[in-house]
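Each remark here refers to the structure printed beneath this line.
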Amino acid sequence: MKVILRLQPNAKPVFQPKRPAPYAALTVVDQEIEHLQQVGVLQPVNCSARAAPIVAIKKATGKVRICANLSTSLNAALDTHQYPLPVPEDLFAKLNGGTCFKQLYLSDSYLQIEVAEESRELLTINTHSGLFQFTRLPFGVKTAPTIC
-10 MKVILRLQPN AKPVFQPKRP APYAALTVVD QEIEHLQQVG VLQPVNCSAR AAPIVAIKKA
50 TGKVRICANL STSLNAALDT HQYPLPVPED LFAKLNGGTC FKQLYLSDSY LQIEVAEESR
110 ELLTINTHSG LFQFTRLPFG VKTAPTIC
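Under our numbering, the first residue of the sequence shown carries the number -10, and numbering increases by one thereafter.
Okay, structure coming up:
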């Protein structure tokens, strides 16, 4: 399954400048960008009509999570997926009487879902190291919870 992001009609491209990362965090931000490239989540690009700045969120482990600030650009232009999410009570009723359950932990769960080639430019980030496109669905895309 590959995610295709659809824009509203007449949506204009928005290219936002990069935001400076704290100098003390540059090393760990660079390490995370390098790691995301190595595992195929990010790919460098030379130019793009769209870009969002990043926000580096420090984890308890000392590493950082690279988040695209899509709230002021892409999310406003996305065509909303209309998919009815189940009500928790309905799910619990279906599970009633079950005897075997398993807990799953998906590390970086959003980054498990591949983005179609034609949608990758929409997920370009602007960093102090240049422009990169997500090849996997990042955290922060407005329609991500309804993609099935």
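Glycine included, every Cβ here is placed at the ideal spot set by N, Cα and C.
Going by alpha carbons, who is nearest to valine 34 out of Lys(-9), Thr132, Leu111?
Leu111
Contacting residues, own chain, Cβ-Cβ under 6 Å from valine 138 (five flanking each side not counted):
Coverage of the chain is limited to positions -10 through 137, which leaves residue 138 absent and any answer about it impossible.
For the region 7 to 15 and the region 31 to 51, state whether three or more C-beta atom pairs, one from each stretch, are separated by less than 8 Å.
yes
Identify which residue in Pro2, Leu25, Leu(-6) has its Cα closest to the Cα of phenylalanine 121.
Leu25
Which complete beta strand (DSSP E) runs does the region 45 to 108 hold, if anything under 3 residues is left out?
53 to 57
Measure the CB-CB distance between lysine -9 and leucine 63 and report whether it falls below 9 Å.
no
What is the DSSP secondary structure of leucine 126, counted as helix, strand or coil?
Leucine 126 falls in the coil class under three-state DSSP.
So which of Asp68, Cys36, Pro73 has the shortest CA-CA distance to alanine 0?
Per the Cα distances, Asp68.
Looking at the strands, I want to know which residues DSSP matches up with isoleucine 43.
Ala57
Per-residue burial, asparagine 85 [other beta carbons within 10 Å of its own, 16 or more giving buried]
exposed
Any non-hydrogen atom of the ligand MG closer than 8 Å to alanine 82 Cβ:
Ligands displayed in this structure: none; no statement on the ligand MG is therefore possible.
Keeping to the same chain, check which residues put their C-beta closer than 8 Å to that of cysteine 56; ignore five residues upstream and five downstream.
Ile43, Val44, Ala45, Ile46, Pro127, Phe128, Gly129
In angstroms, rounded to a whole number, what distance separates the CA positions of aspartate 19 and serine 118?
8 Å
Quick one: measure Cβ to Cβ for arginine 125 and leucine 93, integer angstroms, because I've assumed they're closer than 8 Å.
Cβ atoms of arginine 125 and leucine 93 stay farther apart than 8 Å, at about 18 Å.
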